[in-house]
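Each remark here refers to the structure printed beneath this line.
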Amino acid sequence: MNRFIPTLLLLIVAFMAEGQPLYVSKTNTTSFFAGTAVEDIDATNTKAVSLLNVNSGELSISIPNKEFHFKRALMEEHFNENYMESGKYPKSEFKGKIKNPEQYNFGSTTPFTLSVTGILTIHGVPKERTIEVTVVNQGGKIEGKATFTIALSDHNIDRPKILWEKLAETVNVTSTFTYEPYKK
Amino acid sequence: MNPIRNKFTLLVAFSLFIFSASAQNLDDVMKEVEGKDTEYTTATFKGTRLLHGHSIESPAKGVLQVMFSHRFGTLEDPVYTFLGMTQASIRFGFDYGISNKLSVGLGRSSGLGGSLPPPTYDFYGKYRLITQSTGEKNFPVSIALLGALAINTQHWPNDGIVRTDKDRLSYTAQVLIARKFSDKFSLQLMPTYLHRNLTDNVDQKNTLFAIGFGGRYKLTKRMALNIEYYMNQPNTLGAGYYDPMSIGFDIETGGHVFQIMFTNGTGLIEPQFIGLTQTNFWDGAKGIRLGFNFTRVFTVKEKKS
């Protein structure tokens with residue numbers, strides 16, 4: 001009996017000492033470029049929310065589509081009304097897992113690269129993706145940066161048949177997320 | 001049972017509880033973190049005009065809209081008049097978004113042939129009071145206020161009647177109340193006060209109260225069916241004047257919105273189509289005319305994206 005209680009206490013303490021594995025990001029920027037040589041079409045969103053569990057490697061990102069802001073109001077309206085159908089699909093999401101999370105030191109102040117595999121859901125259409133992320137720890141905050149492309153056809157986003165709008169077939173996305181330890 | 005055993009079981013249960021509590025589902029935490037945000041309704045209507053009259057929509061801040069509108073003659077003799085195009089009232093106007101809530105506009109309209117309206121300048125301001133929203137802040141409708149002034153610039157006829165410059169003015173005040181029921185379906189209610197300083201005859205009241213109803217149904221992503229009707233108080237319009245009824249389509253082509261409509265409404269501004277429509281929609285081809293609105297928007301001031 002006497003062995004059990006100290007062991008248990010030790011386990012609990014060890015678990016607590018490991019620290020909070022959950023990180024949250026409310027400071028982030030996601031921007032995309034969908035223009036062609038004819039016209040610049042770009043937008044930025046700073047209202048995403050993301051959670052990262054550094055123990056299990058689970059990553060979840062949710063981006064409200066209406067918070068993508070464009071230089072031109074009409075582009076923003078077309079983005080929401082015609083392409084993303086933001087009324088029907090208010091959020092774009094990514095739910096994935098970091099491959100072998102235990103091999104990374106998320107406290108590292110030298111940047112390292114890892115890959116996340118998961119489901120990217122845009123316009124209500126899920127697509128499995130593996131995305132490379134560059135990670136660095138700056139003052140206790142984990143910063144992740146990723147650049148990737150999205151093919152509009154992967155997510156059933158129609159481009160107009162007549163080229164009124166000079167929209168590119170693939171969209172280049174850049175995301176930077178800063179994670180802090182999650183506190184309730 | 002051994003009391004020590006019991007304590008042990010309790011401890012195991014307790015530690016398991018602690019463990020499970022911290023390893024909670026990511027989705028649940030996500031819901032907590034995202035919280036309840038307010039989502040404001042956008043694009044209740046495609047254009048700043050439902051058909052004849054205003055919708056709650058305005059050009060966004062820094063956006064200039066150029067608008068060119070026509071209403072033709074009736075379809076009574078469509079071949080001879082080529083769908084009524086031997087007559088036309090025309091308005092050329094600008095709308096500008098000063099802020100995302102306030103827009104102003106000016107226009108000039110005139111008629112050509114028949115009993116179409118006189119050359120008139122018009123000015124308006126439209127202010128979005130409240131926007132429909134769901135979530136943390138919940139409000140069922142969007143409300144905008146419209147105030148407009150029209151100045152009739154026709155040369156007064158030489159008929160011995162003394163008219164002053166004040167007689168050239170008409171005023172319109174509207175409350176526009178709209179609800180977007182779904183992505184496709186929106187309705188609007190337009191209580192309207194209209195005052196004209198001069199009328200053509202004594203049957204016509206200087207002050208009109210009308211209530212407008214309108215709606216749109218999106219047929220495709222870029223095309224919508226619109227209906228708009230203004231009902232005047234009985235016995236205020238005068239004999240030979242009718243309430244304007246319009247059925248039309250919004251067709252969006254990138255930076256342009258093209259509206260085509262079948263209407264009895266004559267003229268292009270409130271004092272004209274609400275107060276001075278001279279044909280009856282329910283008379284069919286004898287009363288109905290074809291109309292177009294073309295708009296093109298220009299971003300004058302770009303937002304920082």
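If you read the sequences in order, they're chains A and B.
By the working numbering, the letter at position 153 of the first sequence is numbered 153, and the numbering carries on one by one without gaps.
By the working numbering, the letter at position 119 of the second sequence is numbered 119, and the numbering carries on one by one without gaps.
The beta carbon of each residue, even a glycine, is placed where N, CA and C say it ideally should be.
Since the structure is predicted, the reported quantities are computational estimates derived from the model, not experimental observations.
- A contact is defined here as three or more CB-CB pairs under 8 angstroms, and the region 143–163 of chain A meets this definition with respect to the region 118–135 of chain A.
- A Cβ-Cβ distance of about 4 angstroms is found for the pair Q132 (chain B) and T41 (chain B), placing them in contact under the 8 angstroms criterion.
- By the Cβ criterion, the region 107–126 of chain B is not in contact with the region 249–261 of chain B, since fewer than three pairs of Cβ atoms, one from each stretch, lie closer than 8 angstroms.
- Out of B:T134, B:Y193, B:W282, B:G135, the CA that lies nearest to the CA of L146 (chain B) is found in B:Y193.
- For Y182 (chain A), the nearest CB of chain B lies under 9 angstroms from its own CB, placing it at the interface with that chain.
- For G212 (chain B) against I227 (chain B), the beta-carbon gap comes to about 11 angstroms, at or over 8 angstroms, which does not count as contact.
- Exclusion of the five residues before and after P78 (chain B) leaves G84, A285 as the residues of its chain whose Cβ lies within less than 8 angstroms of its Cβ.
- It is roughly 20 angstroms from the alpha-carbon of F70 (chain A) to the alpha-carbon of K88 (chain A).
- Annotation: the continuous alpha helix (DSSP H) that includes K31 (chain B) extends over 26–34.
- Cβ atoms of G238 (chain B) and N201 (chain B) come within 8 angstroms of each other, at about 6 angstroms.
- Annotation note: the region 32–101 of chain A contains the following uninterrupted beta strand (DSSP E) runs of length 3 or greater, listed N- to C-terminal: 42–45, 49–53, 58–64, 91–98.
- In the displayed model, H256 (chain B) falls within a strand according to three-state DSSP.
- Between L26 (chain B) and chain A, the shortest Cβ-Cβ separation is below 9 angstroms.
- Between the C-alpha atoms of M84 (chain A) and T9 (chain B) there is a straight-line separation of about 54 angstroms.
- Counted as a single uninterrupted DSSP element, the stretch harbouring Q204 (chain B) is not any alpha helix (DSSP H), since DSSP gives it neither H nor E.
- Pairwise C-beta distances place the region 91–102 of chain A in contact with the region 46–60 of chain A, as three or more of them are shorter than 8 angstroms.
- At least one C-beta of chain B is nearer than 9 angstroms to the C-beta of A73 (chain A).
- Residues of the region 113–129 of chain A whose Cβ lies closer than 8 angstroms to any Cβ of chain B: none.
- Residue pairing by DSSP leaves S55 (chain B) without any beta bridge partner.
- Residue range 270–273 is occupied by the alpha helix (DSSP H) that includes F273 (chain B).
- Inclusion of L102 (chain B) and R71 (chain B) in the CB contact set at 9 angstroms is not warranted, their separation being larger than that value.
- Cβ-Cβ separation between K66 (chain A) and E39 (chain B): approximately 7 angstroms, consistent with a contact (criterion under 8 angstroms).
- Ranked by Cα distance from G125 (chain B), the options B:S69, B:V66, B:F249, B:G97 are led by B:G97.
- Out of A:D42, A:N80, A:L51, the CA that lies nearest to the CA of E34 (chain B) is found in A:L51.
- Rounded to the nearest whole angstrom, the C-alpha separation of L64 (chain B) and N235 (chain B) is 40 angstroms.
- Between the alpha carbons of D203 (chain B) and Y217 (chain B) lies a distance of about 37 angstroms.
- If you check the CB distance, F249 (chain B) and L225 (chain B) come in under 9 angstroms.
- Inclusion of F177 (chain A) and A43 (chain A) in the CB contact set at 9 angstroms is not warranted, their separation being larger than that value.
- Between the alpha carbons of Q188 (chain B) and D165 (chain B) lies a gap of roughly 35 angstroms.
- A direct Cα-Cα distance of roughly 14 angstroms separates T174 (chain A) from T27 (chain A).
- For R163 (chain B), the three-state secondary structure derived from DSSP is coil.
- For D183 (chain B), the C-beta contacts it makes with chain A under 8 angstroms involve E85, G87, K88, in order along the chain.
- Within the same chain, and ignoring the five residues on either side of K184 (chain B) in sequence, the residues whose Cβ sits closer than 7 angstroms to its Cβ are Y217, K218.
- F8 (chain B) belongs to the set of residues whose beta carbon lies under 9 angstroms from a beta carbon in chain A.
- With respect to the C-alpha of Y182 (chain A), the residue from A:A34, A:A73, A:V54, A:E39 having the closest C-alpha is A:V54.
- DSSP places F292 (chain B) inside the beta strand (DSSP E), whose first and last residues are 289–299.
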